[in-house]
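Working notes for the structure below.
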Amino acid sequence: MATTSESYLLLVRDTTPEVYETMSPDERRKALDRWNAWVDGMAERGKLRDGQPLQSGGRLISGARGQRVTDGPFAESKEVTGGFAIIEVESRARAIELARQFLAIHAKVMGPSYAMDSEVRQMFPATEFSHKTHELNV
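Residue numbers (the numbering used here): 65 to 202.
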């Protein structure tokens, strides 16, 4: 029986960026090595479709016609969106499980004072999205 897969976006937020700033280069390398091993394993199993770390900063475009552009990250924010992954899995439960694995990797390397969270969002299939944008005349 064939298994169907669903696409999910994992947004990863660093909720204690000050902890990362105090890490030694060796500690940062260990964290990166463990993260890369996880990513490589996901890619080898065909679960990772895309993903990238994000640079700090950014711009927020808002208003009905995008007339306002403000710099980010924003002073009121206590977290930094650090990256994303697009995964292909069998279910939402599996997507949540993989997000937990990713967070656990960081907790093991960086210690109990380091905190992250991950938002798990199911993506529309491309054909469904295309149909919806056509309905909106986009």
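Even glycine gets a Cβ: it sits at the ideal position worked out from N, Cα and C.
In this structure P117 touches G146 by the C-beta definition: roughly 6 Å separates them, less than 8 Å.
The DSSP assignment places 156 to 174 as complete runs of the alpha helix (DSSP H) inside the stretch 142 to 181, in order along the chain (cut-off: 4 residues). Less than 8 Å divides the Cβ of H170 from the Cβ of A95.
Annotation for G105: the continuous alpha helix (DSSP H) segment containing it runs 89 to 108. Beta bridge pairing from DSSP links R129 with no other residue.
Looking at the DSSP output, Y84 sits in no beta bridge, so it has no partner there.
In terms of Cα proximity to G110, the closest of I160, E154, D78, T80 is E154.
In the three-state reduction of the DSSP assignment, T191 falls in the helix class, which pools H, G and I. Distance from the CA of V173 to the CA of Q131, rounded to the nearest whole angstrom, comes to 43 Å.
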